[in-house]
Structure formats: C-alpha cells, structure tokens
Amino acid sequence: MSKAQRLKLENIKVRFGGTVALDGVDFAVAPGEIVALIGENGAGKSTLMKVLSGAIIPNDGSMTLDGKPFAPSNPEEARHRGIAMIYQELSLPSTLTVQDNIFLGMELSKSFFGINWILDRAKMRSTAETALKELGHEIPLNTLVRDLSISDQQLVEIARARAVGCEVLILDEPTSSITRQDVQRLFTLMRNLKAQGHSIIYISHFLEEIEEIADRFVVLRDGKTVGGGKMGETTHDEIVALMVGRQLTDLYPKSKHEFGETLLELNSLVGEARLRSASFQLRRGEVLGIFGLVGSGRTELIRSIFGLDSIKSGEIKIGTYSGYATPTQRWSQGVGIVSEDRKGEGLAITRTIAENLVLSYPQSCETSGVFSPSRMLATANTWVEKLSVKCRTSEQKIGKLSGGNQQKIALARLLHHRVDVLLLDEPTRGIDVGSKKQIYEQIDSLACSGKAVLIVSSYLPELLGTCDRIAVMNRGKLSEPKSVEELSEHSVMMEAIA
Amino acid sequence: MNKQLKDWMNKLMPLAALILVYLIFAFIAPPSFISLKNLELIVRQTTIVGIASLGMTLVIIGGGIDLSVGSIVALVTVAIAWLLMTGSSPLVAALGGVLTGLLCGLINGALITRLKLVPFIITLGTLLVYRGCAKGLAHEQKIDAPLSWINELLAALKPEQSWMLVPGGVWLLILLAICVTLVLRYTRFGLYTFSIGSNEQASRLCGVPIEKVKLLIYGISGLFAGFAGLMQFSRLTVGDPTVASGLELDVIAAVVIGGGSLAGGEGSVLGTILGALIMTVIRSGCTQMGLSNWVQEIVTGIIIVVAVVLDRMRHSQKP
Numbered sequence: 135m136s137k138a139q140r141l142k143l144e145n146i147k148v149r150f151g152g153t154v155a156l157d158g159v160d161f162a163v164a165p166g167e168i169v170a171l172i173g174e175n176g177a178g179k180s181t182l183m184k185v186l187s188g189a190i191i192p193n194d195g196s197m198t199l200d201g202k203p204f205a206p207s208n209p210e211e212a213r214h215r216g217i218a219m220i221y222q223e224l225s226l227p228s229t230l231t232v233q234d235n236i237f238l239g240m241e242l243s244k245s246f247f248g249i250n251w252i253l254d255r256a257k258m259r260s261t262a263e264t265a266l267k268e269l270g271h272e273i274p275l276n277t278l279v280r281d282l283s284i285s286d287q288q289l290v291e292i293a294r295a296r297a298v299g300c301e302v303l304i305l306d307e308p309t310s311s312i313t314r315q316d317v318q319r320l321f322t323l324m325r326n327l328k329a330q331g332h333s334i335i336y337i338s339h340f341l342e343e344i345e346e347i348a349d350r351f352v353v354l355r356d357g358k359t360v361g362g363g364k365m366g367e368t369t370h371d372e373i374v375a376l377m378v379g380r381q382l383t384d385l386y387p388k389s390k391h392e393f394g395e396t397l398l399e400l401n402s403l404v405g406e407a408r409l410r411s412a413s414f415q416l417r418r419g420e421v422l423g424i425f426g427l428v429g430s431g432r433t434e435l436i437r438s439i440f441g442l443d444s445i446k447s448g449e450i451k452i453g454t455y456s457g458y459a460t461p462t463q464r465w466s467q468g469v470g471i472v473s474e475d476r477k478g479e480g481l482a483i484t485r486t487i488a489e490n491l492v493l494s495y496p497q498s499c500e501t502s503g504v505f506s507p508s509r510m511l512a513t514a515n516t517w518v519e520k521l522s523v524k525c526r527t528s529e530q531k532i533g534k535l536s537g538g539n540q541q542k543i544a545l546a547r548l549l550h551h552r553v554d555v556l557l558l559d560e561p562t563r564g565i566d567v568g569s570k571k572q573i574y575e576q577i578d579s580l581a582c583s584g585k586a587v588l589i590v591s592s593y594l595p596e597l598l599g600t601c602d603r604i605a606v607m608n609r610g611k612l613s614e615p616k617s618v619e620e621l622s623e624h625s626v627m628m629e630a631i632a
Numbered sequence: 036m037n038k039q040l041k042d043w044m045n046k047l048m049p050l051a052a053l054i055l056v057y058l059i060f061a062f063i064a065p066p067s068f069i070s071l072k073n074l075e076l077i078v079r080q081t082t083i084v085g086i087a088s089l090g091m092t093l094v095i096i097g098g099g100i101d102l103s104v105g106s107i108v109a110l111v112t113v114a115i116a117w118l119l120m121t122g123s124s125p126l127v128a129a130l131g132g133v134l135t136g137l138l139c140g141l142i143n144g145a146l147i148t149r150l151k152l153v154p155f156i157i158t159l160g161t162l163l164v165y166r167g168c169a170k171g172l173a174h175e176q177k178i179d180a181p182l183s184w185i186n187e188l189l190a191a192l193k194p195e196q197s198w199m200l201v202p203g204g205v206w207l208l209i210l211l212a213i214c215v216t217l218v219l220r221y222t223r224f225g226l227y228t229f230s231i232g233s234n235e236q237a238s239r240l241c242g243v244p245i246e247k248v249k250l251l252i253y254g255i256s257g258l259f260a261g262f263a264g265l266m267q268f269s270r271l272t273v274g275d276p277t278v279a280s281g282l283e284l285d286v287i288a289a290v291v292i293g294g295g296s297l298a299g300g301e302g303s304v305l306g307t308i309l310g311a312l313i314m315t316v317i318r319s320g321c322t323q324m325g326l327s328n329w330v331q332e333i334v335t336g337i338i339i340v341v342a343v344v345l346d347r348m349r350h351s352q353k354p
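Listed in order, the protein sequences are those of chains P and G.
Just so we're aligned: the first sequence equals residues 135 to 632 in our numbering.
Just so we're aligned: the second sequence equals residues 36 to 354 in our numbering.
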C-alpha cells in the first residue's frame, strides 16, 4: 500500500463464550477513501462495527488509527479518537432539538465560578451551523428531531459526527429506509466528505449502490475477511459468490404459474393518509408486485387491505367477502401478512420461535379448547426443519436469531395458517442473500400451489425476478398492473419517480 | 444439556433466594423463628399479598400494571361487612365481596381498552375512586360485622382442625396458583397474554383479540383482589375502608422479585409466590428479632432492587 492507512485492523478475533463471532478480520481504510463492507447477515459485520466503536473489546488482533494503537474500551472513547457510527436504525432522542442532538454527550460548556458547567449554547449554535453548512444542507437548529424525515435525521447524525471532528465515519445500511432522491443527496455528501479527506466505511446490502459510491470493497464471511478489491474490476456475480461462498446460479426461481379465480380485488381504495387510489385484481397462483418509493403509500395500501389502517372509501373484496374487516377477521378469511417492521410489528421478539409461529393460529395446537405446548413445539420443529431455520431449539427466543431466520418464521406463520392470500411487505428487507433466495423459492412454490401473493418492495430486481405482474405506486396512486415481460428496471423506476 | 440446566437454574433462582433468606434468619433470629407455628404464620401472612399478586402476575405479563388492588381490597372488606351487617348470609356476603372485586377489575379493563389510555393512569385514577367508594360506603369508619365462618378462613387452625394442615385461605391461594399456572400454559388466553406483553403491535397483526384479552386480564386481577379482600376481612373481622393502603406496591414487588418484567412478556406464578414469601419471611424475621418496622422496610426495599438487578444480569448473559 502506497498511501498511509488511517485505520488498520489486523487479525481481529472476537469470541462470546463458545461461539466465534470474528475469526481473523483484516481491514483498512485510507484518508479520502470509501470502503464498502459487504457480507451476509451473521457474517460478522455488526460485531466488527461494535469493535470499532468500542462496544466490544476483541480477544485478539491489533488496531491502529493514524499509526497509533487504537483500543477503545467504550463508544465515547472511540468518538473522541475520531470514529463515529451512524446506525441503521437512527438513535437520536427524538424530543430534543437538532442542535442538542448534535452535541449530545459532548456538550460545549463555559466556566462559571471557575467550573465548566454552564452550557455554551452560543458556541454550540455556531459550531452546529458550520457543521450542517459544511454538509451543504440547511436544517433549522431548533427543529425537534422527531419532526424530521429519516434522511434529515441521518444528516443530523453525520453533522453530529463532524461537529466533534470525527474523521472516520461508519454508515450502517444508511439507504435502507430513505428515498431514491435522498440516496443521491447522501451520496453527494459522502463524495464531499471524501474530497475533504475523510474516511468512510459503508455497509450495505445493495450492490448497485456500492458500485456507485465505493472505491473498494471488503467481503466478510463467517467472521473472516474472504476477499476484496477495487470497485469496477469485479463483477456483481463475483461479489455475490464471495459473500455466499458459492455461485448463486439463479437467485430468482421462476416457474410457470397457472392463474385461477380472483381472490383479492380492490376498487378505487382510498386511505386516510397517503393512499389516494388503488385498484387491482389478484388471482390464484399469481404473484403481484407493488413497487414504490418510501412515502408513496405502498405500506398503507397493504395495511389497509389487512385492516391495520382505516380506509376512507373504496372496496376490498376477498373471495366472497367484501368491505372492511379487522385483522382477526382477515386471518379467518384466509389472508395473512408479513410486516416490513419485523421487530416493531412482525414478531414478539422476547417470546419463543414456537409462540411466534403459532400466534395467529393457536387453535391448531388445541384439543377441545386446551392448548398444548408440546404440540406447539412439534409444529414449530416441523417448520424450522422445512425452512432450514438456524436455531438451537424452537423454544429459543426469536430475538436471538439473525434477521433472515426471523423472517423465515414470520413467513412460516402464514404457511402454517394455510392462508390463500399472502400480503408480504418488504419480505427480504435487511436479510442475507441465502435467506433471500429461500424466501423467493417459497414465494414461487406458494404461487405454484395456487396461493395468491402480493409483494410490496422497494427493491426492483426482486420484484422483476419473482412477480408475474407489477403495479407502481406513485404519490398515493397505484398504476394499472403490467406483466413483467413488458417491463424493465428503467421503465418501472421512471413510472415511480415521474 | 447445559442449556436446560441453565433454564432450571433461572427458574429456581427465586427459590434459592427464599431458602437463603430463610436460612439467614434461622441463624440470626431467635429459635422461635424456625418453629412450625411461625412457619404457619408466615404462610398465613403471605396469603393476602399472594392471592392479589396472582392477578398482578397476569397483568404484568400482559405489559400492564394495576395500581388499584389495595383500594379494591379495602372496598371488598367494607362490602362484605355491610352485607353481613344487613343480614345477608356469610356465603352471600363472601360472594358479594368477591364479585365487587371482579366488577372493579372489569371497570379498569373497560376503561383501559375503551379510552385507550395507559393502565398506569387509569388504575391510578381508580385507586382513588375505589378507596373513596369504600370510605363513602362505610361513612369513613370501620363497619362491625357479626361473627361468621369467614373469620376462620385465615385464622390459626384449632387443634381439632389439624387435618387441614393449613387454613382454608391458604388452600385457596394454592388452588388459585395452580389454576393460573394452568391457564397461562394450557389456554389460548395464556399465550395471548404473553404475546401482548411482549409486543402488542405484533399481536394485533396476528389477529389476537387484544381488547377482549385485556378486559379479561384486568377482570381477573380484580377478581383476585376480591379474594384477597375476603382474606383481609377474615383477618380483620371488620370492614375497614383504610386497610391495605399501599398493598398494590407489595403485590407488584412480589411479581417483580419473582422474575416478572415491568416491560411485559415475562413472569411466572411460581416466581410470584416465592417473591411474596420472601417478603413475608423478611418481615417475620425482623419482627422476631425485635427490629423496628423501618428496618424491615429498608431490607425489603433493598431486596427488591437486588432481585431485579440479579434478574437483569441473568438475562443479559450472551448466548
């Protein structure tokens, strides 16, 4: 390496009891460089980030920052040394103002009677203003963070890092919940920071984005660095192969689907908030995709169908039922849902795998009104095996599983309930490639067995790969669904942002 | 399996704590502490808190809180005394008292589900309302009641009753504890209680009838407070509108010492009963040693905090 590295990690190892989380990671980032860190969920990315931010102390290996040994024992120390984490799920106290957030934990103070204990608000204001201006954006400093959009909150987090002089920024999946335009804004910002000589570690599942923004990439698998290289010299397929350790011949299995009668029909459905009009028919054996950007009303659409959000007008027909129904009634009409918000709404993460699996259909484990825990476990074990969920036992708390395995259980709930109509909201968000592939296979086989599947996603390749027809949601209006053969990534995106 | 061993250790933790506390007092307190008579007294003294805490276990597992149980207990004693005084038979009076408790609980549940307010606020309100009702009904004084078999429910056994081992009230506690354990494990309602406490949104998405379940949870909590009120009456033999003030805190403490989480989704009947016993053992031990009330309070307070800290440590262990 010609350039001096800013941050360098050698042979980092982390063990928790008997499990090895990191098993020899080498990683480096130079000033003015954006390095993408890629890996399936469970590959060790989060653990590595925790090591860098001082939340975990490694058992072995060495770290240097600007040539000096670096061994933070807590997040504050890492921050003081100039390393800032910008987390996937934003972690700002939402009832504080932008300014207070920027300085939280590092408040500037002035002396009063010889002791530094009075907050120096004027100085903080000017520093915060400079930091935000440097990022090229203006957010009023006295706005409450809860009133900001997610991408503005991200900016505040970055400003927070800059205001205290952090020169290494770690961005963990920053684009997973912001719109396309905001992604571009973020990328412009990242390029500026890079031009100013800052180092950025960028973690993402989206290979397209990585190709666009990163200079180099490093792939982690099973807690080890398995490869890396310059962007543009490696193909997509090669990166994916490194990630999964095998050649993914076809991520999207697609059989020929036979369509039957209409199971779900919407007629000019209007919601209370964003949803302005939606009509379509979903037939037995069909996979219908709904593409839309964040904030377009796509999640409200799927929630209204399931009775989780109320509707203003329009008609929902499910089989022979029509009209509004509660979630309880929807289940009994043969409709099931997988939420986009796994932790918040999808699963009860402090309960067991088995309980989560049968929660919508505990009747299946009852004999004349008596619930049988052993039958619940047996049921869960069957599904765990069928979907090759990685877990110790199905009595394990579901929060202990990786995102991909959690999602398999969320889907298994619908399979166990034997619903006819499956509403899947971002079914592969934040999960690893291996689990994604399995979920695509499940969707395909469900369609083959005559179920109707509705998928809402902001990831176009997966919709084009799995769906029979796709409709686009744009500012609350759903377009007429079109057959995928007539569509390209370009045309769908155009429709979504027009 | 190592894991199973750990599970058992977790479950037995409150039991170990109880034995430890008991042994400590057995060494430092006068010999009368370990006498059979004192043991019986401890069990009898646990009954009121114990029965009320069974209902609270459900409430806390379901992610809620019920601050009104102390007031319900007082109202129930007044109701029973009033019924007895006006000439009702003891059975009718006892039933009337228990049903008063159930009614109070159902009102809590209905308010929480209809007004969609947090249970803390609703039950803080009804804490005052039910206490006020008790005082109003009793004209702010104790109501004397004629002697009846109710008074024997929690009294020390007479020699000729020794075949019962413990008084009827204690048997009621045991019976109810078994019922709640079975309900939590072998009914849909039990599963739903845990799931609502763990994640209400996810439960709604799964079609769990949240309002019905919550109404039932608070109804049961009220019903059990009704049984606790019956026991309280048995001990006092009068209706006292000022009794059991602050009882709700003992009841919540029993659940929490027994491993219940105020965040919901966790808790067990066995743990709760052990928690209630731990508190009584401390009180009894301190009394036997001639320590003042304030010492007992400090010790109990420390135990509550230590119990929760230990519980937290157990749970934060990495897999």
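Beta carbons are placed, not taken as given, at the ideal position from N, Cα and C, and that holds for glycine.
I believe residue i touches residue j by the beta-carbon criterion, under 8 Å. Please report the beta-carbon distance rounded to the nearest angstrom.
i: P:V587; j: P:A581; result: 6 Å
i: G:P49; j: G:G336; result: Incorrect: roughly 17 Å between the Cβ atoms, too far for contact.
i: P:S569; j: P:Q541; result: 6 Å
i: P:V555; j: P:I452; result: 7 Å
List the DSSP bridge partners of residue i.
i: G:I252; result: According to DSSP, which records beta bridges pairwise, G:I252 is partnered with nothing at all.
i: P:T396; result: P:R417
i: P:D200; result: According to DSSP, P:D200 bridges with nothing at all.
i: P:A162; result: P:K142
i: P:M219; result: P:I304
i: P:G363; result: P:F351
i: G:V343; result: According to DSSP, G:V343 bridges with nothing at all.
i: P:I168; result: P:I334
i: P:K147; result: P:D157 and P:D194
i: P:N401; result: P:E449
Could you give the residue range of the alpha helix (DSSP H) that holds residue i?
i: P:S466; result: P461 to S466
i: P:N608; result: Looking at the DSSP string, P:N608 is not in any alpha helix (DSSP H); the run it does join, the beta strand (DSSP E), is R603 to N608.
i: G:Y165; result: P154 to L172
i: G:L227; result: Looking at the sequence provided, one finds Tyr at residue 227 of chain G rather than Leu. Its alpha helix (DSSP H) spans residues R223 to S233.
i: P:W517; result: P507 to K520
i: P:I717; result: Residue 717 of chain P lies beyond the range of chain P shown here (135 to 632); nothing can be said about it.
In or out: residue i buried (at least 16 other Cβ within 10 Å) or exposed?
i: P:G248; result: exposed
i: P:L354; result: buried
i: G:L58; result: exposed
i: G:F62; result: exposed
i: P:Y458; result: exposed
i: P:R140; result: buried
i: G:R166; result: buried
i: P:S136; result: Here the model assigns P:S136 a pLDDT of 41, short of 50, so the residue's position is not dependable, and the following value carries that caveat. Under this definition P:S136 is an exposed residue.
i: G:M266; result: buried
i: P:P192; result: buried
Following the continuous beta strand (DSSP E) through residue i, name the residue where it begins and the one where it ends.
i: P:S591; result: A586 to S591
i: G:A191; result: Looking at the DSSP string, G:A191 is not in any beta strand (DSSP E), and its letter there is neither H nor E.
i: P:V555; result: V555 to D559
i: P:E479; result: P:E479 -> no beta strand (DSSP E), and no H or E assigned at all.
i: P:G470; result: V469 to V472
Is there contact between the stretch 87-101 of chain G and the stretch 147-161 of chain G, where contact requires at least three CB pairs shorter than 8 Å?
They touch, by the three-pair rule.
Can we say the stretch 179-188 of chain P touches the stretch 366-377 of chain P, given the rule of at least three CB pairs closer than 8 Å?
no
Counting beta carbon pairs with one atom in the stretch 288-299 of chain G and one in the stretch 178-185 of chain G, are three or more of them shorter than 8 Å?
no
Check whether the stretch 270-286 of chain P and the stretch 228-248 of chain P are in contact - that is, three or more C-beta pairs closer than 8 Å.
yes
Decide yes or no for the touch test of the stretch 296-310 of chain P against the stretch 258-272 of chain P: beta carbon pairs closer than 8 Å, at least 3 of them.
yes
Any chance the stretch 119-137 of chain G sits against the stretch 318-336 of chain G, with 3 or more Cβ pairs inside 8 Å?
No, the stretch 119-137 of chain G does not touch the stretch 318-336 of chain G.
What residues in the stretch 541-574 of chain P bring their beta carbon closer than 8 Å to a beta carbon of chain B?
Absence of chain B from the displayed structure is noted, the protein chains being P and G.
Contact between the stretch 594-601 of chain P and the stretch 406-418 of chain P (3+ Cβ pairs under 8 Å)
Output reads no: the stretch 406-418 of chain P does not touch the stretch 594-601 of chain P.
Okay, do the stretch 60-77 of chain G and the stretch 306-323 of chain G touch, 3+ Cβ pairs below 8 Å being the bar?
yes
With contact counted as at least three CB pairs below 8 Å, one residue from each stretch, are the stretch 138-145 of chain G and the stretch 303-317 of chain G in contact?
no
Inter-stretch contact (C-beta, 8 Å, three-pair minimum) for the stretch 605-624 of chain P and the stretch 401-412 of chain P:
Yes: the two stretches touch, three or more of their Cβ pairs being nearer than 8 Å.
How do the stretch 228-238 of chain G and the stretch 486-498 of chain P stand: do at least 3 beta-carbon pairs fall below 8 Å, yes or no?
Counting Cβ pairs under 8 Å, three or more are found: they touch.
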